[in-house]
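The structure appears below as structure tokens.
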DNA sequence: AATTTCATGTAATTCGTTACATGATTCC
DNA sequence: GGAATCATGTAACGAATTACATGAAATT
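What follows is the structure, encoded as structure tokens:
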């Protein structure tokens with residue numbers, strides 16, 4: 001019941017799987033940590049959390065600091081008027097069912113999975129995804145983009161000449177972007193193939209830290225930032 | 236009244252300015268001709284048309300073929316049962332007020348204009364936009380993207396190491412895309428500057444044909460289609 | 001003490017889609 | 001004459017935003 005768009009639900013479960021958090025922090029992670037994620041508003045996030053709780057996938061805990069600041073001596077964190085009545089921070093924690101559900105979502109691939117935002121969300125949690133599934137998603141995405149390319153080419157060929165230069169340039173640029181993403185996917189698929197099946201659905205409940213790991217099959221880039229020095233003019 | 240999202244309204248007015256059309260065709264143009272435009276459904280388009288008519292910006296005409304096939308001898312097009320009763324094709328035509336309104340939209344730039352979809356729509360009609368405005372839009376877009384880049388860089392620096400390789404790769408790719416678009420904008424702004432102010436708000440009501448024109452200040456690319464022959468498998 | 005940032009929520013509204021319902025035209 | 005495509009619409013729903021309302025904690 002209540003198919004709440006998948007994407008937000010998925011991302012929330014995925015993030016909470018790594019560690020419990022309260023809504024406010026969750027939102028920030030959603031907007032920044034994950035690559036492409038659009039900025040969800042509180043008006044979206046909080047109701048969604050309620051639903052997830054209602055489904056038994058999360059539990060609300062009256063918590064103080066979100067997993068960074070350890071509870072330590074027992075005071076100082078939940079200060080004055082006991083943790084009972086007042087509206088305190090609510091820390092959301094994934095239940096066993098929630099974890100199971102997320103795992104299921106992770107292993108399931110439908111035609112949605114290739115669409116822009118869905119794909120980004122899937123990719124963001126590739127770390128906990130099985131090799132098989134990763135391949136399916138990457139290849140699905142690629143053929144989705146190739147379809148799109150074909151349509152663009154067709155439309156471009158059909159309408160040629162009749163369009164002004166700006167429209168043409170817009171289309172050209174759009175196509176180039178898509179072509180570029182296809183190439184990116186090719187690289188990813190390539191390295192996915194060669195770097196066999198490291199990291200199946202993760203063994204423990206901990207997020208794998210991957211400290212200084214070169215273990216992953218990703219195409220490495222050193223010299224990350226492009227040759228453009230001195231652009232940190234903050235303002 | 237009824238601020239219908241701007242973007243669809245804008246695009247519809249812009250397309251109808253070039254030539255009258257009926258809804259069905261309009262939708263196709265929306266999806267293909269213009270570069271990036273997402274696919275609007277009929278459920279969105281038709282009500283929007285009604286609103287535009289109600290605002291006096293469009294008029295519905297019982298029409299047969301949409302401006303391609305000339306009315307010619309008067310028959311053959313609206314065949315049997317006269318053009319009276321039955322639900323016929325409705326051709327939408329821009330009124331004088333509509334044209335005026337569109338022109339106003341064209342010359343107005345708000346902070347919306349830099350956002351992804353808005354920008355694409357604006358760009359698609361740069362052909363009828365004044366040089367001044369084009370510059371504002373391009374530069375606004377660029378600084379919007381630069382803001383975004385800064386945030387991404389900051390977040391990346393903040394979270395380093397703590398993220399798994401896939402998340403990192405996703406962010407890297409996202410940033411690269413944005414950087415690329417900035418470079419594209421730089422080129423456009425550059426050629427906009429050098430190729431002074433050709434094409435102010437268009438003189439006549441006709442869409443400028445631009446047949447084989449090299450007049451525009453756009454960065455030219457010959458060898459447009461990438462080295463990929465034989466891809467016209469229309470299927 | 002006042003301001004900013006953190007934190008949680010709700011109601012109204014906007015934007016847009018899906019699914020449905022209908023009918024005309026063209027192609028085979 | 002049947003299928004595909006063209007063509008127009010509507011009602012129900014969905015997803016997410018904005019604006020509002022509240023309050024606790026940290027900073028100055």
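Protein chains in written order, with the numbering used here: chain R, 1 to 235; chain F, 236 to 470.
Glycine residues also receive a C-beta, built at the ideal position from the N, C-alpha and C atoms.
Checklist entry - If we cut at 7 Å on Cβ distances, does residue 359 of chain F have a partner in chain R? => result yes
Checklist entry - What's the gap between the Cα of residue 54 of chain R and the Cα of residue 102 of chain R? => result 15 Å
Checklist entry - Excluding the five sequence neighbours on either side, which residues of its own chain have a C-beta within less than 8 Å of the C-beta of residue 447 of chain F, listed in chain order? => result Legend: pLDDT at residue 447 of chain F = 44, less than 50; position of this residue unreliable, no value from coordinates given.
Checklist entry - If we count Cβ pairs, one from each stretch, closer than 8 Å, do we get three or more for the region 343–352 of chain F versus the region 254–269 of chain F? => result no
Checklist entry - At a cut-off of 6 Å, is residue 118 of chain R close to the ligand GDP when judged by its beta-carbon and the heavy atoms of the ligand? => result As for the ligand GDP, it is missing from this structure, which has no ligand bound.
Next on the checklist: Between which residues of its own chain and residue 246 of chain F is the CB-CB distance below 7 Å, once the five residues before and five after are set aside?
Outcome noted: 265, 269, 272 and 356
Next on the checklist: Let me see if you follow: with CB-CB separation under 7 Å, is residue 140 of chain R close to chain F or not?
Outcome noted: no
Checklist entry - If residue 252 of chain F and residue 296 of chain F are in contact, beta carbons under 8 Å, what's the gap, nearest whole angstrom? => result Incorrect: roughly 16 Å between the Cβ atoms, too far for contact.
Item to check | Which residues DSSP lists as bridging residue 326 of chain F, in chain order | outcome: F/257 and F/296
Item to check | Local conformation of residue 384 of chain F per DSSP, three classes | outcome: helix
Item to check | Limits of the unbroken alpha helix (DSSP H) element including residue 287 of chain F | outcome: 277–289
Item to check | Residue burial classification, residue 166 of chain R (beta-carbon count within 10 angstroms, cutoff 16) | outcome: buried
Checklist entry - At least one CB of chain R closer than 7 Å to the CB of residue 362 of chain F: is that the case? => result yes
Checklist entry - Out of curiosity, what's the CA-to-CA distance linking residue 403 of chain F and residue 280 of chain F? => result 40 Å
Checklist entry - For the alpha helix (DSSP H) that contains residue 121 of chain R, what are its first and last residues? => result 116–124
Next on the checklist: Report the CB separation of residue 416 of chain F from residue 380 of chain F in whole angstroms; it is logged as a contact under 8 Å.
Outcome noted: 6 Å
Checklist entry - Which residues, taken in chain order from the region 160–190 of chain R, show a beta carbon closer than 9 Å to some beta carbon of chain F? => result 161, 162, 163, 164, 165, 166, 167, 168, 169, 170, 171, 172, 173, 174, 175, 176, 177, 179, 180, 181, 184 and 188
Next on the checklist: Tell me the rounded alpha-carbon separation between residue 445 of chain F and residue 162 of chain R.
Outcome noted: Because residue 445 of chain F sits at a pLDDT of 47, beneath the cut-off of 50, its placement in the model cannot be relied upon, and the following sentence gives the value as read from the coordinates. Rounded to the nearest angstrom, the two C-alpha atoms are 8 Å apart.
Next on the checklist: Quick check: is the beta carbon of residue 267 of chain F nearer than 7 Å to any beta carbon in chain R?
Outcome noted: yes
Next on the checklist: For residue 113 of chain R and residue 276 of chain F, what's the separation of their Cα atoms in angstroms?
Outcome noted: 21 Å
Next on the checklist: Our contact map puts residue 23 of chain R next to residue 58 of chain R with C-beta atoms below 8 Å; I'd like the distance itself, whole angstroms only.
Outcome noted: 11 Å between Cβ atoms; not a contact.
Checklist entry - Looking at residue 391 of chain F and residue 124 of chain R, is the spacing between their C-beta atoms short of 7 Å? => result no
Checklist entry - What is the residue span of the alpha helix (DSSP H) that residue 471 of chain F lies within? => result No answer is possible for residue 471 of chain F: the residues shown for chain F start at 236 and end at 470.
Next on the checklist: On a Cα-Cα basis, can you pick out the residue from F/376, F/353 and F/394 that is closest to residue 244 of chain F?
Outcome noted: F/353
Checklist entry - Between residue 261 of chain F and chain R, is there a C-beta pair that is closer than 7 Å? => result no
Checklist entry - Which residue from F/411, F/372, F/428 and F/366 puts its Cα closest to that of residue 384 of chain F? => result F/411
Next on the checklist: Using the three-state DSSP reduction, which class does residue 39 of chain R fall into: helix, strand or coil?
Outcome noted: coil
Checklist entry - Roughly how far, in whole angstroms, is the beta-carbon of residue 420 of chain F from the beta-carbon of residue 453 of chain F, given that I think they are within contact range, below 8 Å? => result Incorrect: roughly 13 Å between the Cβ atoms, too far for contact.
Next on the checklist: Can you tell me where the alpha helix (DSSP H) holding residue 112 of chain R begins and where it ends?
Outcome noted: Counting along the chain, residue 112 of chain R falls outside any alpha helix (DSSP H), and DSSP gives it neither H nor E.
Item to check | Distance CB(residue 278 of chain F)-CB(residue 332 of chain F) smaller than 7 Å | outcome: no
Checklist entry - How about residue 91 of chain R and residue 20 of chain R: do their beta carbons lie closer than 7 Å? => result yes
Item to check | Supposed contact pair residue 13 of chain R and residue 26 of chain R - C-beta distance, whole angstroms, cut 8 Å | outcome: Between residue 13 of chain R and residue 26 of chain R the Cβ distance is about 11 Å, and since that is not below 8 Å, they are no contact.
Item to check | Beta-carbon proximity of residue 134 of chain R to residue 126 of chain R, cut-off 7 Å | outcome: yes
Next on the checklist: Tell me which residues share the same chain as residue 350 of chain F and place their Cβ nearer than 8 Å to its Cβ, disregarding the 5 neighbours each side in the sequence.
Outcome noted: 379
Next on the checklist: Tell me the rounded alpha-carbon separation between residue 335 of chain F and residue 423 of chain F.
Outcome noted: 28 Å
Checklist entry - Between F/241, F/274, F/339 and F/324, which lies nearest to residue 286 of chain F when the distance is taken from Cα to Cα? => result F/241
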